[in-house]
Amino acid sequence: PNTNGGYLRYTSDTADQAKVITYSAANEAVTGDITITQAASGATAYVVDVNTAASTMRVIDVTNGSSDTAGYDSKPGSFQTSAAATSGTLSFTVGAVANGAMSIGSGEIIYIENRAPVARAADQTEDIKLIIEF
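Going left to right, the sequence shown walks through residues 1 to 134 as UniProt numbering numbers them.
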């Protein structure tokens, strides 16, 4: 994959693909684990976590709305800067939106496990066992 906004190969061991929204003028404390909506664009996103000191939030599951107005990435329906966004009684102004570390669609799939499909009945139940060690 390439670095976001460029043609240089991404070489770091880790990457964060969450978008980062800088916000201001929040009428109450912003928390993670909420869905935000911007009425002007119709865009929505799920807030993963918030850095209140820097007034930033990391968001995933960003969905563009039906607005014809181009947003931060010049695409119609995406988050618009200087416009309000809400979640319940929370309201704030979107200042800027930054994409994740890697350019979307620039990588290659390097491993696919081609397993044969398993036939299942609609009323069948499955048991899943998970072992977590610390």
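All C-beta atoms in this analysis are idealised placements derived from N, C-alpha and C, irrespective of residue type, glycine included.
With distances taken between CB atoms, is the gap from residue i to residue j smaller than 9 Å?
i, j, result
"residue 43", "residue 77", "yes"
"residue 19", "residue 59", "yes"
"residue 34", "residue 46", "yes"
"residue 48", "residue 32", "yes"
"residue 116", "residue 10", "no"
"residue 92", "residue 39", "no"
Identify the continuous beta strand (DSSP E) that holds residue i and give its terminal residues.
i, result
"residue 24", "19–24"
"residue 34", "34–37"
Could you check which residue in the options has the C-alpha nearest to that of residue i?
i, options, result
"residue 118", "12, 111 and 126", "126"
"residue 98", "116, 73, 112 and 111", "73"
"residue 28", "11, 61 and 85", "85"
"residue 41", "52, 82 and 111", "82"
"residue 13", "3, 61 and 36", "3"
"residue 61", "115, 9 and 79", "79"
"residue 21", "55, 88 and 120", "55"
"residue 88", "15, 37 and 7", "37"
"residue 53", "30, 75 and 69", "30"
key: Complete runs of the beta strand (DSSP E) confined to the region 47–93 [at least 3 residues]   = Runs of the beta strand (DSSP E) inside the region 47–93: 56–63 and 84–87.
request  = Decide yes or no for the touch test of the region 53–70 against the region 104–121: beta carbon pairs closer than 8 Å, at least 3 of them.
outcome  = Counting C-beta pairs closer than 8 Å gives fewer than three between the region 53–70 and the region 104–121, which falls short of the contact rule.
inquiry  = Give the list of continuous beta strand (DSSP E) stretches no shorter than 3 residues that lie fully inside the UniProt domain "Bacteriophage T4 Gp8" (103–134).
reply    = Correct list: empty.
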